[in-house]
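Participant:
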Amino acid sequence: MPKRDFLAITDLSRDEILRLFELAHRMKTGSYRETPLAGKTLAMIFAKSSTRTRVSFEVGTHQLGGQALFLSSRDIQLGRGEPIADTARVLSRYVSGIMIRTFDHADVVELARYAAIPVINGLTDLSHPCQVLADLFTVREALGTWEGKRVAWVGDGNNMANSWLEAAQVLGFELRLACPEGYEPNRKLFERARSTGGCVAVTETPEEAVEGAHVVNTDVWASMGQEAEAEARRNAFRGYTVDAELMKLADSQAIFLHCLPAHRGEEVTPEVIDGPQSRVWDEAENRLHVQKALLATLLI
Ligand code: CP
Ligand code: NVA
1193 MPKRDFLAIT DLSRDEILRL FELAHRMKTG SYRETPLAGK TLAMIFAKSS
1243 TRTRVSFEVG THQLGGQALF LSSRDIQLGR GEPIADTARV LSRYVSGIMI
1293 RTFDHADVVE LARYAAIPVI NGLTDLSHPC QVLADLFTVR EALGTWEGKR
1343 VAWVGDGNNM ANSWLEAAQV LGFELRLACP EGYEPNRKLF ERARSTGGCV
1393 AVTETPEEAV EGAHVVNTDV WASMGQEAEA EARRNAFRGY TVDAELMKLA
1443 DSQAIFLHCL PAHRGEEVTP EVIDGPQSRV WDEAENRLHV QKALLATLLI
């Protein structure tokens, strides 16, 4: 069987996502006790900071009987200019899978191309598929299904927004994004989602996106690598804060999601993120269960 990578939500079909979530559910509830990664190692390359991704992959690998290696890109030869292709070929001789968090998505594609083992995208400037998988699992837990649901995205059309577009494309729920002009999601991914049956729309008005939504989602206004733009972005995103008033426009059972880390008082008020509709701690926990299911599926 050829190796399978997970670089984007669209690498999985709807049925594969459903099967993955059944396995993640068994892992979460404790009925799955196998150790399919016994004797295997996951290399984790990080060119950016991380709390959730690093810890959930490391703990998850351990719980499945394997070992995880934390490789800061500053400390391996990759950071001194060793080609990605060479790094991929060498790591493939030692480990069973690579998880990578970096800037340029093309670097992850290149790594996957030259690696003989599965490569998992742990976040790039373009997308964050592991997080959105966990978010979809959280939606299913909280609302039973995403079928027929409306998901709102408020704020930056960033890596998270792009992965939500891919999820809407594969799963067919309605996605409405509210982004200021100039901060829309990736145009190619948007057009592809729209032209392949995804029910996706972009507006500049948060109220329009949130009206009747079952899931309200946001993320930081300046992502990792955009620190120098933080001030300009604070100005551009004025009016895009998810607050209690905006949440009132959503469905009365709506849940609030945020991939974290959050900036309270910027993209979301403390009242919302720490309030009764927030599912952010379940969402963070679900990274562990969903990624374990992914590792047990890909690294066998
Ligand atoms: N949500 C997320 O990926 O968090 P980290 O940056 O802490 O990994
Ligand atoms: N959009 C954020 C997500 C962090 C998990 C970033 O890229 O920094």
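Residue numbers (the numbering used here): 1193 to 1492.
We put the CB at the ideal spot given by N, CA and C, even for glycine.
Just so it is clear, the structure is predicted and the values come from calculations on it, not from any experiment.
1) Please list, in chain order, all residues of the same chain as A1344 whose beta carbon is under 6 Å from its beta carbon, the five residues on each side excluded.
2) Determine the extent of the beta strand (DSSP E) in which L1367 is found, giving its start and end residues.
3) My output table needs one value for G1349: the three-state DSSP class, helix, strand or coil.
4) Evaluate G1258 with the Cβ neighbour count: other Cβ atoms within 10 Å of its Cβ, from every protein chain shown; 16 or more gives buried, anything less gives exposed.
5) Can you find the residues in the same chain that come closer than 7 Å, C-beta to C-beta, to L1318, ignoring five residues on each side of it along the sequence?
6) Are the CB atoms of V1394 and V1434 nearer to each other than 7 Å?
7) Would you call the segment 1408-1425 and the segment 1444-1462 touching, i.e. three or more CB-CB distances under 8 Å?
8) If you follow the beta strand (DSSP E) that C1451 is in, where does it begin and where does it stop?
9) What would DSSP say about T1233, mapped onto helix, strand or coil?
10) Are the segment 1417-1437 and the segment 1383-1394 touching by the rule of at least three beta carbon pairs closer than 8 Å?
11) For the beta strand (DSSP E) that contains R1293, what are its first and last residues?
12) Are D1474 and T1330 closer than 7 Å when you measure CB to CB?
13) Going straight from the alpha carbon of K1440 to that of Q1469, what length do you get?
14) Note down, in chain order, each residue of its chain lying with its Cβ closer than 7 Å to the Cβ of V1392, except the 5 sequence neighbours on either side.
15) CB-CB under 6 Å to R1218, same chain, minus the five flanking residues each way: which ones, in chain order?
16) Does DSSP classify N1478 as helix, strand or coil?
17) Going by DSSP, which residues form a beta bridge with Q1259?
18) Within this structure, are the beta carbons of T1316 and V1301 separated by less than 7 Å?
19) In the DSSP assignment, find the unbroken alpha helix (DSSP H) run with T1397 in it and report its ends.
20) Using only the heavy atoms of ligand 1, determine whether one of them is closer than 6 Å to the beta carbon of Q1323.
21) Would you report the Cα separation of G1390 and F1365, rounded to the nearest angstrom?
22) Keeping to the same chain, check which residues put their C-beta closer than 6 Å to that of H1320; ignore five residues upstream and five downstream.
23) Given the structure, does T1410 come close to ligand 1, in the sense that its CB is under 6 Å from one of the ligand's heavy atoms?
24) By DSSP, does S1242 sit in helix, in strand, or in coil?
25) Report yes if the C-beta distance between E1250 and A1260 is below 7 Å; otherwise report no.
26) So, I1481 versus K1220, is the Cβ gap smaller than 7 Å?
Facilitator: Result, derived from the coordinates:
1) For the purposes of this step, residue 1344 is taken as residue 152 along the sequence shown, with counting starting at 1. Leaving aside the five residues that flank A1344 on each side, the residues in its chain whose CB is nearer than 6 Å to its CB run, in chain order, R1368, A1401, V1402, A1405 and V1408.
2) Position 175 of the sequence shown holds residue 1367. Run containing L1367: E1366 to A1370, per the beta strand (DSSP E) assignment.
3) Mapped onto the sequence shown, residue 1349 falls at position 157. In this structure, DSSP gives G1349 a state outside helix and strand, which the three-state scheme calls coil.
4) Taking the first residue of the sequence shown as position 1, residue 1258 is located at position 66. Burial call: buried.
5) Position 126 of the sequence shown, counted from the start, is the residue given in the question as residue 1318. Excluding residues within five positions, the ones whose Cβ falls inside 7 Å are H1297, N1351, N1354 and N1378.
6) Against the sequence shown, residue 1394 aligns to sequence position 202. Against the sequence shown, residue 1434 aligns to sequence position 242. V1434 sits away from V1394, with the two beta carbons spaced by 7 Å or more.
7) Note that the segment 1408-1425 touches the segment 1444-1462; at least 3 beta-carbon pairs, one per stretch, sit closer than 8 Å.
8) Taking the sequence shown and counting its residues from 1, one reaches residue 1451 at position 259. From DSSP, C1451 is part of no beta strand (DSSP E); its letter is neither H nor E.
9) Indexing the sequence shown from 1 puts residue 1233 at position 41. DSSP places T1233 within a strand segment (E or B) once states are collapsed to three.
10) Contact fails: fewer than three Cβ-Cβ distances are below 8 Å.
11) By one-based count along the sequence shown, residue 1293 stands at place 101. Membership of R1293 in the beta strand (DSSP E) is indicated by the continuous run G1289 to R1293.
12) To locate residue 1474, count along the sequence shown from 1; it is residue 282. To locate residue 1330, count along the sequence shown from 1; it is residue 138. Contact flag set, yes.
13) Sequence index remark: in the sequence shown, residue 1440 carries index 248 (1-based). Sequence index remark: in the sequence shown, residue 1469 carries index 277 (1-based). When rounded, the separation of the alpha-carbon atoms in K1440 and Q1469 is 11 Å.
14) By 1-based counting over the sequence shown, the position of residue 1392 is 200. So the qualifying residues of the chain are L1357, A1360, L1367, F1382, A1385 and R1386.
15) Translated into the one-based positions of the sequence shown, residue 1218 becomes position 26. Within the same chain, R1218 has close Cβ partners Y1224.
16) The residue labelled residue 1478 in the question sits at position 286 within the sequence shown. Three-state DSSP puts N1478 in a helix.
17) Along the sequence shown, read from residue 1 onward, the residue named residue 1259 stands at position 67. The secondary-structure analysis by DSSP pairs Q1259 across a beta bridge with T1233.
18) Here residue 1316 is taken as the residue at index 124 of the sequence shown, counted from 1. Here residue 1301 is taken as the residue at index 109 of the sequence shown, counted from 1. Going by C-beta atoms, T1316 is not nearer than 7 Å to V1301.
19) As a working note, residue 1397 is residue 205 in the sequence shown. In this chain, T1397 is not harboured by any alpha helix (DSSP H), its DSSP state being neither H nor E.
20) Residue 1323 sits at position 131 when you count from the first residue of the sequence shown. Using a cutoff of 6 Å, the CB of Q1323 counts as near ligand 1, since one of the ligand's heavy atoms is closer than that.
21) To locate residue 1390, count along the sequence shown from 1; it is residue 198. To locate residue 1365, count along the sequence shown from 1; it is residue 173. Rounded to the nearest angstrom, the two C-alpha atoms are 7 Å apart.
22) Mapped onto the sequence shown, residue 1320 falls at position 128. So the qualifying residues of the chain are N1351, M1352 and S1355.
23) Position 218 of the sequence shown, counted from the start, is the residue given in the question as residue 1410. Answer for T1410: no, Cβ out of range of ligand 1.
24) Along the sequence shown, one-based indexing puts residue 1242 at 50. In this structure, S1242 counts as coil in the three-state DSSP scheme.
25) Counting from 1 along the sequence shown, the entry for residue 1250 is found at position 58. Counting from 1 along the sequence shown, the entry for residue 1260 is found at position 68. Contact: yes.
26) On the sequence shown, residue 1481 is found 289 positions in, with the first residue counted as 1. On the sequence shown, residue 1220 is found 28 positions in, with the first residue counted as 1. Strictly speaking, residue 1481 in this sequence is His, with Ile absent from that position. Yes.
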